[in-house]
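A.B. asks:
Residue numbers (our numbering): 2 to 370.
#1: How many Å lie between residue 349 and residue 219 at the Cα?
#2: Applying the criterion that 16 or more other CB atoms from any shown protein chain within 10 Å of the CB defines a buried residue, is residue 77 buried or exposed?
#3: Which residues does DSSP list as the beta-bridge partners of residue 209?
#4: Measuring only the C-alpha atoms, how far is residue 49 from residue 89?
#5: State the beta-bridge partners of residue 364 as determined by DSSP.
#6: Tell me the DSSP bridge mates of residue 78?
#7: Starting from the Cα of residue 243, find the closest Cα among 270, 226, 230, 231 and give me that residue.
#8: Among 344, 192, 174, which residue has its Cα nearest to the Cα of residue 135?
#9: With a threshold of 8 angstroms on Cβ separation, who are the neighbours of residue 305 within its own chain once the five nearest residues in sequence on each side are excluded?
#10: Return yes when the Cβ of residue 195 is within less than 8 angstroms of the Cβ of residue 1, no when it is not.
#11: What does residue 111 pair with, by DSSP beta-bridge criteria?
#12: Among 183, 169, 283, which one has its Cα closest to the Cα of residue 146?
#13: Look at the alpha carbon of residue 280 and the alpha carbon of residue 73, and state the distance between them as a whole number of angstroms.
#14: Return the residue from the list 320, 68, 316, 308 that minimises the CA-CA distance to residue 37.
#15: State the start and end residues of the unbroken alpha helix (DSSP H) segment that holds residue 179.
#16: If we count the other Cβ atoms within 10 Å of its Cβ and call it buried at 16 or more, is residue 252 buried or exposed?
#17: Between the region 86 to 104 and the region 116 to 131, do three or more beta carbon pairs fall short of 8 angstroms?
#18: Does the beta carbon of residue 218 fall short of 7 angstroms from some heavy atom of the ligand MG?
#19: Have a look at residue 25 and residue 139 and give me their C-alpha separation to the nearest angstrom.
#20: Based on Cα-Cα distance, which residue from 266, 319, 79 lies nearest to residue 240?
#21: Identify the continuous beta strand (DSSP E) that holds residue 311 and give its terminal residues.
#22: According to the Cβ coordinates, are residue 166 and residue 178 closer than 8 angstroms?
#23: Measure the C-alpha to C-alpha separation of residue 149 and residue 300 and round it to an integer number of angstroms.
#24: On a Cα-Cα basis, can you pick out the residue from 198, 360, 152, 164 that is closest to residue 181?
#25: Does residue 246 come out as helix, strand or coil in the three-state DSSP assignment?
#26: Starting from residue 274, trace the beta strand (DSSP E) both ways and give me its first and last residue.
#27: For the 8 angstroms Cβ check, are there 3 or more pairs between the region 313 to 332 and the region 291 to 300?
#28: With a Cβ-Cβ cutoff of 8 angstroms, do residue 80 and residue 310 count as a contact?
#29: Would you give the residue range spanned by the alpha helix (DSSP H) that residue 33 belongs to?
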C-alpha cells in the first residue's frame, strides 16, 4: 500500500501535458509528485532533469527529445550550469524549451572559469553580473528561476556575493537564490547575513546525496530543516554505482564513467558501500523493480528532500529513470535501506547522544521529589 503524502508535499497529481486526444489520455495516467522548494511558494517536480550530458553524449536532437519526454512525464524542474560543456548545456536546454518556457522551472549555477581573464571565475560582483547575462542569453529567457552559487569562493566575502544576488532578484533576472556544496557553518552564516540585512535568502541547497553518500545527514540536513530550505540532490545514483551495473566489491565497469575516468565520485562513498549495494539489490528484487528506480525513490522519500537530479545520455535511458516518479517505497523497504546506509555519528553528536538520558536521570534518584 502506498504511504500517504508526507508533510510539505502536494501528494500525487496527474502530469500536465502538451498533447491532446488518445496520446494525452495515455500520458495522463503517468503521475508525478510536486513539492514546495523549502518554505518558498514555488512548486517543483520531485524528479529534476539534469543536463550535464547535453553536448557531452547528447546532441541537440537528443536533448530536445529528452526535455519533451521529461515534460510529458510531468517533470517541471531542470538543472544546468554556465560551465557545463562550456555553456553548451544551457544553450541546448534553451533551444529545447523554446515555446515551452512557462512549463519549466530552470535552475542554473555559476562559479567555474568561463574564460582566462582574472575575473572569469568565482563569485565576485563583476563575475556574477557577467555570468547572469551570459546564462540568460544562452537559455533564451529573461529570468532564471533558481540561481545557485556552485562552489565555495574563499576569495570573495559572503556579503558581496549575497548583495549581488539580491540585486538580481530585485532586477527580475532571477527569482530564487541558492547554493551548492557549502559547509553547514558557511550556509548558516550566509542565511544570517541575508536575514539581518533584509536581502533575499537562499531558498534551497544542492548537495551530493545517495544511499552511499550521506555526509550531510549530521549537520547540514538539520540546518536545512531548521531554516526551511529545500534540498535538491545531485548524483542520487552514486555516479551510476546504484544502477545495477555494479556488483558488491567492484568499483569499475567497462563502458561506464568509472572506466572512462570522469564523474565517478567513489572517493566519497561510505566504507560499507558494498553492503549497501547488496541491500539495494535485494530490495529491488523483492519489489520487482530495477535497482536504479529503487535507489532514486529512496532519495526522494527522505523527509527533507525536494527533488533529485537525474541525467541521461538518451531518451530511452531517461524513460527508465522517470519510472521512479509518483510512487513510494514500502515502509519495510525504506527502513532496511535507511538502516544499512546510515553512517556512524561523529563527535560531538556521538558524545552527546547519551545526554538526554542523563538529563532525565535526576527524577529517578532516591530522595528526589
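Here a beta-carbon is modelled for each residue, glycine too, at the ideal position from N, C-alpha and C. These numbers come from a predicted model, not from an experiment.
C.D. replies: In terms of the structure at hand:
#1: The count along the chain shown starts at 1 and reaches residue 349 at position 348. The count along the chain shown starts at 1 and reaches residue 219 at position 218. Each residue's Cα considered, the two are about 10 angstroms apart.
#2: In the chain shown, counting from the first residue as 1, residue 77 sits at position 76. Buried, because 16 or more other Cβ atoms sit within 10 Å of the Cβ of residue 77.
#3: As a working mapping, residue 209 is identified with position 208 in the chain shown. Beta bridge pairing from DSSP links residue 209 with 235.
#4: For the purposes of this step, residue 49 is taken as residue 48 along the chain shown, with counting starting at 1. For the purposes of this step, residue 89 is taken as residue 88 along the chain shown, with counting starting at 1. Cα-Cα distance, rounded: 19 angstroms.
#5: Taking the first residue of the chain shown as position 1, residue 364 is located at position 363. Looking at the DSSP output, residue 364 shares a beta bridge with no other residue.
#6: Taking the first residue of the chain shown as 1, we reach residue 78 at position 77. In the DSSP output, where bridge partners are listed per residue, residue 78 has 49, 106.
#7: Along the chain shown, one-based indexing puts residue 243 at 242. Among 270, 226, 230, 231, the Cα nearest to that of residue 243 is on 270.
#8: Numbered from its first residue, the chain shown carries residue 135 at position 134. Out of 344, 192, 174, 174 has the C-alpha closest to the C-alpha of residue 135.
#9: Walking along the chain shown from the start, residue 305 turns up at place 304. For residue 305, where only same-chain residues beyond five positions count, the Cβ hits under 8 angstroms are 222, 225, 226, 232.
#10: Any question about residue 1 goes unanswered here, given that the chain covers just 2 to 370.
#11: Numbered from 1 along the chain shown, position 110 holds the residue referred to as residue 111. Answer is 150.
#12: Along the chain shown, one-based indexing puts residue 146 at 145. Comparing Cα positions, the closest option is 169.
#13: Here residue 280 refers to the residue found at position 279 when the chain shown is read from its first residue. Here residue 73 refers to the residue found at position 72 when the chain shown is read from its first residue. Rounded to whole angstroms, residue 280 to residue 73 spans 32 angstroms at the Cα level.
#14: The residue you call residue 37 lines up with position 36 of the chain shown. Taking only the C-alpha atoms, the option nearest residue 37 is 308.
#15: On the chain shown, position 178 is the one that residue 179 refers to. First-last for residue 179: 175 to 181, but that is the beta strand (DSSP E), not the alpha helix (DSSP H).
#16: Along the chain shown, one-based indexing puts residue 252 at 251. By the 10 Å Cβ count, residue 252 comes out exposed.
#17: Contact between the region 86 to 104 and the region 116 to 131 is absent, because fewer than three Cβ pairs lie under 8 angstroms.
#18: The ligand MG is not part of the structure shown, which contains no ligands of any sort.
#19: Counting from 1 along the chain shown, the entry for residue 25 is found at position 24. Counting from 1 along the chain shown, the entry for residue 139 is found at position 138. Because the pLDDT of residue 25 is 39, which lies under 50, any placement of that residue in the model is unreliable, and the question is left without a value.
#20: The residue you call residue 240 lines up with position 239 of the chain shown. Of the listed residues, the one whose Cα sits closest to residue 240 is 266.
#21: In the chain shown, residue 311 corresponds to position 310, counting from 1. Counting along the chain, the unbroken beta strand (DSSP E) around residue 311 starts and ends at 308 to 311.
#22: Reading the chain shown from its first residue, position 165 is the one you call residue 166. Reading the chain shown from its first residue, position 177 is the one you call residue 178. Cβ atoms of residue 166 and residue 178: closer than 8 angstroms.
#23: Counting from one through the chain shown, the residue named residue 149 turns up at place 148. Counting from one through the chain shown, the residue named residue 300 turns up at place 299. Those two C-alpha atoms are separated by around 21 angstroms.
#24: Here residue 181 corresponds to residue number 180 of the chain shown, with the count starting at 1. For the residues 198, 360, 152, 164, the minimum Cα distance to residue 181 belongs to 152.
#25: Taking the first residue of the chain shown as position 1, residue 246 is located at position 245. Coil at residue 246, not helix or strand.
#26: Reading the chain shown from its first residue, position 273 is the one you call residue 274. Element bounds for residue 274: not the beta strand (DSSP E) but the alpha helix (DSSP H), 274 to 288.
#27: yes
#28: As a first step, residue 80 is located in the chain shown; it is residue number 79 there, counting from the start. As a first step, residue 310 is located in the chain shown; it is residue number 309 there, counting from the start. Their beta carbons are under 8 angstroms apart, which means residue 80 touches residue 310 by this criterion.
#29: For this step, residue 33 is matched to residue 32 along the chain shown. Annotation: residue 33 is outside any alpha helix (DSSP H); the continuous beta strand (DSSP E) that includes it extends over 32 to 37.
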